[in-house]
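Heads up, the thing below is written out as structure tokens.
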Amino acid sequence: MPSPHPLLSFVLALPLLAACSPTFNWRSVPVDGTPLEALMPCKPDAGEREVPLGGLPTRLQMRSCETGGLTFALAWADVGDAVRVPPSLSGWRRASLAGVRVDVARVDEPAVQWVVQVPGAEQSLGLQVTGVDPQGGSVDMRAVHFTHGSVVFQAAVYGQRMDAAALAAFVDGLRLP
């Protein structure tokens, strides 16, 4: 008859293994071409594409990852001229609402505003909504759009259930000089 000790050892080791692989493994993430310091809770994928911002095609860079049932995304674009910052920010905020199927006309409603500050940002505007994900399910979104010079940023968290501590750590990890 086999000894129960190997199984018992395995069962007793499970909590230790879980402790070695936390859901939120915070790390510093490079934000190419900007002075932004950012923390993300998982190893992000990188991408970029051209998008219309402020009336012109603009290169948008992004880092995103998923963990704990949440998607964390950080995106930025240099719009090249301070005159393009306000329309770029406004358009991006509307696009964020449209992305979760929330009426873009609600962008200035107090109910969707989220008061949040990014240290060193010239402007910070937050959005908080419950919308619809691409599969038709409910999704909570918290997004902060902020600026530094001619660079516009978005830091956002999406999920079926928002984790307040993870959201706070993500936003608190954003810093500009």
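Just so you know, numbering that gives the first Met the number 0 puts 97 at position 98 of the sequence shown, and the rest follows in order with no gaps.
Ideal Cβ positions, reconstructed from N, Cα and C, are used throughout, including at glycine.
Beta-carbon proximity of residue i to residue j, cut-off 8 Å
| i | j | result |
| --- | --- | --- |
| Val30 | Met39 | no |
| Trp91 | His144 | yes |
| Val111 | Leu124 | no |
| Val117 | Leu175 | yes |
| Ala142 | Ala155 | yes |
| Val138 | Gln159 | yes |
| Leu173 | Ala37 | yes |
| Gly54 | Pro85 | no |
Residue i in three-state terms, based on DSSP
| i | result |
| --- | --- |
| Asp171 | helix |
| Gly125 | strand |
| Asp31 | coil |
| Ala164 | helix |
| Gly130 | strand |
| Ser20 | Since pLDDT at Ser20 reaches only 48, below the 50 mark, its modelled position is unreliable, and the value read off the structure follows with that caveat. Here Ser20 sits in coil by DSSP. |
| Arg92 | helix |
| Ala120 | coil |
| Arg105 | helix |
Sheet register partners of residue i (DSSP bridge)
| i | result |
| --- | --- |
| Ala154 | Leu73, Val143 |
| Pro51 | Pro56 |
| Trp113 | Gly125 |
| Ser196 | Beyond the ends of the chain as shown, which are 0 and 176, falls residue 196; an answer cannot be given. |
| Cys64 | Phe71 |
| Asp44 | Ser63 |
Residue i classed as buried or exposed, judged by whether at least 16 other C-beta atoms fall within 10 angstroms
| i | result |
| --- | --- |
| Val170 | buried |
| Ala45 | exposed |
| Ala95 | It should be noted that the sequence gives Ser, not Ala, for residue 95. Counting Cβ neighbours within 10 Å, Ser95 comes out buried, since at least 16 surround it. |
| Asp102 | exposed |
| Val150 | buried |
| Pro51 | exposed |
| Gly135 | exposed |
| Arg62 | buried |
| Gly146 | Here residue 146 is Thr; the residue named in the question, Gly, does not match the sequence. That one is buried. |
| Arg83 | buried |
| Gln153 | buried |
| Ala120 | buried |
| Pro34 | exposed |
| Pro43 | buried |
| Leu166 | buried |
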